[in-house]
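In what follows, a structure is listed as structure tokens, so that the remarks can point back to it.
Protein chains in written order, with my numbering: chain A, 1 to 313; chain B, 1001 to 1287.
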């Protein structure tokens, strides 16, 4: 693992500016949210392509839909719950049902707005947006794949939802990683258990796998950066070849990555599964790393959960 | 405006009302009240004002029409069919499985439909986005929106109203079909929006109030839009719900009409009477 830390929002903003320099159709819509999303420089570089709306995420979603009907590629980045839960019906009807080429970015997602509590946590966004037909959902696990994802969603025609955190993230991949929407990445091969992670906690998954290897457990690490459409073949091959799957996500267990994987496996190749995430309660507040620890998302905790799961025959 | 031209449009409005009956006959029921109150608005738009081409429905510089009050779709289907966007036989499929004309419009199913509306309070934001996009492209096209007055209680409309004024969208023209009724009763008793003109003005819009059944007034006012440079325009169109059906006009209970056979017969008779009046008018101007 490469240990350099990068700010996900800064990385995202730089990638959008890079893409906008090439593609004149990219426009940015702000709900008083561009600067906080790493897009502070966008209006300086492209003043005619940046539109400020103030704090009105429902309305901005509709404006984005309308702009897309004229061939623009609207990018709308704001705090994750406000671009998924608050405006859900606008997302569903104006972007999903109308099949508009709009890119919605939920930032400070998961528990990364640690101290601000459940109104600002976004641990249900995957569950709710996953119900909208035709929406691509991306949850990158490191700065390299954030940048790759930005270019991929701009190239992809159709509505996309991408979530990023706000805590600095370690670089996990080389720049030349083969990144494709809808294709998971096998980070390491192994035969005792498939450990499948996504987004902000991917680095924890990799660290947990290392601890497991030290204890003699062989782990296949899979990064599912695209939660929808899910890489069915990769999931089913893990089910067939290993037969034991543990999912790890900074999200409710209800409706997230683990649910999506179990929807495939339970119907096509049932295997034992364990889902690590947040249960049926509002998350607490506090320092980010401590919050992850409260919900069993630190490497040593993931390791213990996996060992218990493997022992429980 | 030329009297003959107005009379021609009045005949088209009658045809559209007859098409609405045709739709109701096919589906056995539908949101007829608000469709009938906005017949003249759509007649003026689709047969005089809009720069559109049924042969090329995706023409980039076409004017856009957004039906924010999606439940008024019967009048949109009738107007599009009359204008030649699709064969009128499609109207007979209303209510059928997989029909191209659902109870709320679907842009993927039918040419000429610009948006998927139905949930209230969405159309104005989408139209605002279209207006910004067209302005970026330096297009002469305008964006027209039809809203219901009951719909104005949705807060999302006022987000869109603020933003449209802030972004100076003077290529955006909104009609409020003020038929003054909604499902539960008179709109100002359910949730008052008065003073409606002052409300829009305070949001930065330029406002006119007209008789929404006066074709000449609709056309004259739209031709003057934008009413003020740099401001979006709203036309508050005072109308009568279920206009044209003697037994239903101005009655709350006909917001959604499940047509009894005797009512349908009466409705046809009412429209025949309108035709007689138009004939008399035609003779009086020497045609």
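Glycine included, every Cβ here is placed at the ideal spot set by N, Cα and C.
Exercise. So what does residue 1147 of chain B bridge to, in DSSP terms?
Worked result: B:1176
Problem set entry | residue 1241 of chain B (DSSP reduced to helix, strand or coil) | coil
Problem set entry | the stretch 165 to 177 of chain A contacting the stretch 260 to 267 of chain A, beta-carbon criterion three pairs below 8 Å | The answer is no - the stretch 260 to 267 of chain A does not touch the stretch 165 to 177 of chain A, with fewer than three Cβ pairs under 8 Å.
Exercise. Since residue 1143 of chain B contacts residue 1185 of chain B with CB under 8 Å, what's their CB separation in whole angstroms?
Worked result: Actually they do not touch by this definition, with Cβ atoms about 32 Å apart.
Problem set entry | 8 Å Cβ cutoff met for residue 1001 of chain B and residue 1265 of chain B | no
Exercise. Would you call the stretch 1009 to 1023 of chain B and the stretch 1072 to 1082 of chain B in contact, with 3 or more CB pairs under 8 Å?
Worked result: yes
Exercise. What first and last residue would you give for the beta strand (DSSP E) that runs through residue 160 of chain A?
Worked result: 160 to 163
Problem set entry | Alpha-carbon spacing of residue 101 of chain A relative to residue 1130 of chain B, whole angstroms | Computed Cα separation, rounded: 13 Å.
For this session: Taking residue 137 of chain A as part of the beta strand (DSSP E), name the residues at either end of that continuous run.
Result: From DSSP, the beta strand (DSSP E) with residue 137 of chain A extends over 136 to 138.
Exercise. Under 8 Å between C-beta atoms, does residue 1156 of chain B make it to chain A?
Worked result: yes
Exercise. Does any C-beta atom of chain A lie closer than 8 Å to the C-beta of residue 1255 of chain B?
Worked result: Under the Cβ distance rule, residue 1255 of chain B does not count among the residues neighbouring chain A, no pair being separated by less than 8 Å.
For this session: Indicate whether at least one CB of chain B lies closer than 8 Å to the CB of residue 76 of chain A.
Result: no
For this session: Flag residue 1173 of chain B as yes if its beta-carbon sits less than 8 Å from any beta-carbon of chain A, otherwise no.
Result: no
Exercise. Contact check, residue 184 of chain A vs residue 224 of chain A under 8 Å by CB: the rounded distance?
Worked result: 5 Å
Exercise. Which residues in the same chain have their Cβ closer than 6 Å to the Cβ of residue 82 of chain A, if we skip the five residues on either side of it in sequence?
Worked result: So the qualifying residues of the chain are 57.
For this session: Could you give the DSSP three-state label for residue 1211 of chain B: helix, strand or coil?
Result: strand
Problem set entry | Bounding residues of the alpha helix (DSSP H) (the contiguous stretch that carries residue 299 of chain A) | 299 to 311
Exercise. Going along chain A, which residues have a C-beta under 7 Å from residue 1116 of chain B?
Worked result: 93, 97 and 98
Exercise. Residue 110 of chain A bridges to which residues according to DSSP?
Worked result: A:122
Problem set entry | Buried versus exposed, by CB contacts within 10 Å (16 or more), residue 1276 of chain B | exposed
For this session: Taking a Cβ distance cut-off of 9 Å, strictly less, list which residues of the stretch 1101 to 1133 of chain B are near chain A, in chain order.
Result: 1106, 1107, 1108, 1114, 1115, 1116, 1117, 1118, 1119, 1121, 1122, 1123, 1124, 1125, 1126, 1127, 1128, 1129, 1130, 1131, 1132 and 1133
Exercise. So what does residue 1182 of chain B bridge to, in DSSP terms?
Worked result: Paired residues: B:1185.
Exercise. How about residue 215 of chain A and residue 190 of chain A: are their beta carbons less than 8 Å apart?
Worked result: no
For this session: Could you pull out every residue in the same chain whose Cβ sits closer than 6 Å to the Cβ of residue 87 of chain A, ignoring the five residues on either side in sequence?
Result: 57, 58 and 61
Exercise. To the nearest angstrom, how far is it from the Cα of residue 1063 of chain B to the Cα of residue 1227 of chain B?
Worked result: One C-alpha to the other measures close to 18 Å.
Exercise. For residue 1256 of chain B versus residue 1104 of chain B, is the C-beta distance shorter than 8 Å?
Worked result: no
For this session: Say whether chain B places a C-beta atom closer than 8 Å to the C-beta of residue 64 of chain A.
Result: yes
Exercise. Would a check of beta-carbon distances place residue 1137 of chain B closer than 8 Å to chain A?
Worked result: yes
For this session: In the DSSP assignment, find the unbroken alpha helix (DSSP H) run with residue 1126 of chain B in it and report its ends.
Result: 1123 to 1136
Problem set entry | Beta carbon of residue 257 of chain A nearer than 8 Å to that of residue 247 of chain A | Cβ distance < 8 Å, so residue 257 of chain A and residue 247 of chain A count as in contact.
Exercise. With 8 Å set as the bound, which would you pick, yes or no: does the beta-carbon of residue 304 of chain A sit closer than that to a beta-carbon of chain B?
Worked result: no
For this session: Assuming residue 42 of chain A contacts residue 22 of chain A (C-beta within less than 8 Å), just tell me the rounded distance between them.
Result: About 14 Å; that fails the 8 Å criterion.
Exercise. Cβ of residue 1123 of chain B versus every heavy atom of the ligand HEM: is any distance shorter than 7 Å?
Worked result: Ligands displayed in this structure: none; no statement on the ligand HEM is therefore possible.
Problem set entry | Rounded separation between residue 140 of chain A and residue 251 of chain A - CA only | 14 Å
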